[in-house]
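Taking it in order: structure first as structure tokens, then the write-up.
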Amino acid sequence: MDKVFFNGVEIKYKIIKKPIKHIYLRITESGVEVSANRFIPQKTIENFILKNAPHIIRKLQNRDYYFYLGKKYIKNATDVKELYIQKTPEIVLPFVYDYSNKMNLHPSRVSFRFNKTRWGSCSAKNSIVFNYYLAKLPLDIIEYIVVHELAHIKHKNHQKEFWALVEEYIPDYKKRIKRLREIEKEF
């Protein structure tokens, strides 16, 4: 393993040579893996790591923690993924049932999966998929995400009618979106 220093913090990394055009970074249990073309100089790779150092350091430090309902907990023997698999439906489904009835918008199906980029999605056939990682978030943010996805049953895009429907049930939705963006920086 190689290493670089950023503001006095050591970042260990391993280079994996691949026939690719760009440099990719992955934070794993054992440290940082950098995928790069064999023709990319070591100095370019180190600069790439240093450019991303604040994000890398935050991620490495958060490996010993997990979030549940907006609070940070120390990982001990907790199997965090199993916790999310068990708890997320218990947390989300009551919101789905409650708001489905209030909004008179009923999904054809509700399911869960782990997703890195989306909290939820609604298909053209009104099937809603929620991210198991929702359990990381505070309840009021989860509530907003449920209403957001249910609103997609009626409005498939994010036009003004969509946002008006969301606002009807979550009047402070803009504030919740702003908080969600701030919370996401911690993950």
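For the sequence shown, the residue numbers in my numbering are 1496 to 1682. Where is the CB? At the ideal position from N, CA and C, for every residue including glycine.
Where the alpha helix (DSSP H) through residue i begins and ends
i: Leu1660; result: Lys1655 to Tyr1664
i: Asn1596; result: Val1575 to Met1598
i: Lys1649; result: Leu1634 to Lys1649
i: Asn1542; result: Gln1537 to Lys1546
i: Lys1670; result: Tyr1668 to Glu1679
Delimiting residues of the beta strand (DSSP E) encompassing residue i
i: Lys1512; result: Val1504 to Lys1512
i: Lys1611; result: Lys1611 -> no beta strand (DSSP E), and no H or E assigned at all.
i: Arg1521; result: Tyr1519 to Thr1523
i: Glu1528; result: Gly1526 to Ala1531
i: Phe1501; result: Asp1497 to Phe1501
i: Asn1626; result: Ser1622 to Asn1626
Cβ-Cβ distance between residue i and residue j below 7 Å
i: Val1641; j: Val1591; result: yes
i: Tyr1568; j: Tyr1579; result: no
i: Tyr1639; j: Arg1671; result: yes
i: Glu1528; j: Ile1511; result: yes
i: Cys1617; j: Glu1644; result: yes
i: Ile1535; j: Val1499; result: no
i: Lys1576; j: Asp1559; result: no
Whole-Å CB distance - residue i paired with residue j, under 8 Å assumed
i: Lys1620; j: Ser1595; result: Not a contact, Cβ separation roughly 16 Å.
i: Asn1532; j: Pro1514; result: 7 Å
i: Lys1507; j: Gly1526; result: 5 Å
i: Ile1678; j: Leu1632; result: 7 Å
i: Asn1599; j: Arg1613; result: Not a contact, Cβ separation roughly 25 Å.
i: Ile1648; j: Val1587; result: No, Ile1648 and Val1587 are not in contact; Cβ-Cβ is about 16 Å, not under 8 Å.
i: Leu1634; j: Leu1520; result: Not a contact, Cβ separation roughly 33 Å.
Classification of residue i by the beta-carbon crowding that lies within 10 angstroms, buried from 16 upward
i: Ala1646; result: buried
i: Phe1607; result: buried
i: Gly1503; result: exposed
i: Val1517; result: One point to set straight first is that residue 1517 is His, not Val, in the sequence displayed. By the 10 Å Cβ count, His1517 comes out exposed.
i: Thr1523; result: exposed
i: Asn1652; result: exposed
i: His1738; result: Residue coverage of the chain in this structure runs from 1496 to 1682, which leaves residue 1738 outside it and unanswerable.
i: Leu1629; result: buried
i: Thr1539; result: exposed
Min CB distance residue i to chain D below 7 Å
i: Pro1514; result: Annotation note: the requested chain D is absent from the structure, which comprises a single protein chain.
Proximity test, residue i beta-carbon vs the ligand ZN heavy atom, cut-off 6 Å
i: Ser1622; result: No copy of the ligand ZN occurs in the structure displayed, which carries no ligand at all.
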